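For reference, the structure discussed in these notes is given below.
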Amino acid sequence: MAADINGDGYMEILVGPCYGPLYCFNFRGEVLWTFECSNLWSTAALADIDKDGRTEIIFCATLLEEGFTIPYVLCLNYDGSLKWKYHTKKYIDASPTIADLDHDGVLEIIVSDRRGIVYCFSPEGSVLWSYSTTGTIFATACVADLDNDSYLEVLVGTWEGGYVGYLYCFNASGFVLWRFKCATITGSASALDIDDDGKYEIIFVSWDGYLYCLDNTGSLKWRYNMTTVASNNPAFADIDNDGTMEIFIGTAFIDTGCKLYCFNANGSVRWTCGTKGPVNVGSIIDLDGDGKLEILANAAGGYLYLIDIDGRLKWQYKMGASTDSRSFVADLNLDGRFEIVIGSEDWQVYCFSVNAPIGQASPWPCFMGSIFHTGWPDSDGDYIDDLSELYYGTNISSPDTDGDGFLDGWEIQVGLDPLFYGDKFSDLDGDGLTNFDEARLYHTSLFLYDTDGDGLGDGWEVSHGSDPLSPPSPSSFSPLYLLFILPFFAFLLFFLYRFFFPRSRH
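According to numbering that gives the first Met the number 0, the sequence shown holds residues 0 to 505 in order.
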């Protein structure tokens, strides 16, 4: 995942190998910080959950405590320090989902563990509700207002043992509304209006080889037999601009021939593309600026594929080892071009540059559609999915609602108001530089008065020709420091003079 978590205008990258730790890289690939943990099998979600103007990092992993490996839901501050943790009953494969379930203006966090318990957390890490299913959960939850009551429902699949699974539907308070029986579900569902009929459809795959489409009440609408096990998460985009969503899903077993499927909204197959191993869709974006979307998928064996909207392979790249992670796409360094980031089992993080200007859309930039993991697309490419835009009040069709030159998602990540044009001219940290200048010209932190920690404010350094990102080394000396050192020595000499030569009293 990627977001501007330190307020410097650039995107930071958060990745973690299965056995830890969690790494935070800058756009150059330099490590900013690490957080020691292990069994990091899921993807971090990112959001300012407590409205303090800083993005928190929520993920699931284990910590070594007194010789024991303990599973936790973890919340970190933007600098990698621990904010809170919650000990779950079992290990966690599912990623967190962040949304305002009960329409109270406060974000909740949904996480499920292997014991089959679905948890709903407050921003402070307290459990608002939990529910113990009868199975094991590997899948990330998705959310949608299925019944148009302004409250979100939570959908998550289970493995009940043997070959049986259920898709559970919870209301915002954690009560089961219904469940749909099928084979084992280990991939995530999504609930979207894919056919533009004004009602939500629920899309997921099961180990019986079927792609399922349920209506908003949990009844079967259609299904398609892919004749092989599918355990992946669907991705969605309107690739032909006809107002309906296409569905993208990969198959998992090599012996039956691995394919990436593209389905129409009615369940018919639009095309398939053969791959050299089990395949996942990471991103759907206009990667090369030609006005058409491309599908970025990764397959076992370390292959990264770029596929056009007609199912034709545009290019492929062979990494050093296989990968089970999803790619994500973002303009990390503000150069007007996308970068592709993906981790691999050779213990490498790959960042690919794209030699083309950013295209017109990036409706599915990452796992589960956005850094919130709601299962919704990001139609306008502003790093906020369409459901979360309703929460923030931003325009689903405009990446910059207030027209201030900042993407809505970036403003939310750094604590600015995406609905107020004037905050580009304000000074969030009081250092004498406007928010626009800090983010776009100098890349100093919007959060820190003194980004480089040299005792001089960022604005003061800029106005006096000093570098606000580079503190002087011990072997160097800046003439600017004379302005601070000389008054100190003058006071010290005055004090010593008065101490050793006190004035006589008459």
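C-beta: ideal position from N, C-alpha, C; glycine also. None of these values were measured; they are calculated from a predicted model.
- In the structure shown, the three-state DSSP call for S387 is helix.
- Separation of H86 and L286 (C-alpha to C-alpha, rounded to the nearest whole angstrom) is 40 Å.
- The C-alpha of W270 is placed about 27 Å away from the C-alpha of F351.
- Here DSSP, grouped into helix, strand and coil, assigns Y302 to strand.
- Between S321 and A296, the C-beta spacing is not below 8 Å.
- For Y390 and F371, the gap between their C-alpha atoms comes out near 12 Å.
- S462: member of the alpha helix (DSSP H) spanning D457 to S462, first to last residue.
- Here DSSP, grouped into helix, strand and coil, assigns A438 to helix.
- Fewer than three pairs of CB atoms, one per stretch, sit closer than 8 Å, so the segment 392-410 makes no contact with the segment 103-123.
- If one requires a minimum length of 3 residues, the beta strand (DSSP E) runs lying completely within the segment 289-346 are 293-298, 302-307, 312-317, 327-329 and 338-342, in chain order.
- Assigned with DSSP and collapsed to three states, W221 falls in strand.
- For I357, the closest of L415, E293 and G288 by C-alpha to C-alpha distance is G288.
- Going by DSSP, G408 is part of the alpha helix (DSSP H) stretching over D407 to Q412.
- Sorting S324, T400 and F337 by C-alpha distance to the C-alpha of D345 places S324 at the top.
- Per DSSP, the beta-bridge partners of Y211 are F203 and R222.
- The residue among D3, S41 and A2 with its C-alpha nearest the C-alpha of P20 is S41.
- Around the beta carbon of L100, 16 or more other beta carbons lie within 10 angstroms, which makes this residue buried.
- The segment 61-70 makes no contact with the segment 1-18, as fewer than three CB pairs between them are under 8 Å.
- Distance from the CA atom of C272 to the CA atom of A182, rounded to whole angstroms, is 25 Å.
- When C-alpha distances from S111 are compared across P95, N25, A43 and D103, the shortest belongs to P95.
- In this structure, I248 sits near N231, with a CB-CB distance shorter than 8 Å.
- Scanning L39, A229, P362 and I339 for the CA closest to the CA of D239 turns up P362.
- Rounded to whole angstroms, S378 and E388 show a C-alpha spacing of 10 Å.
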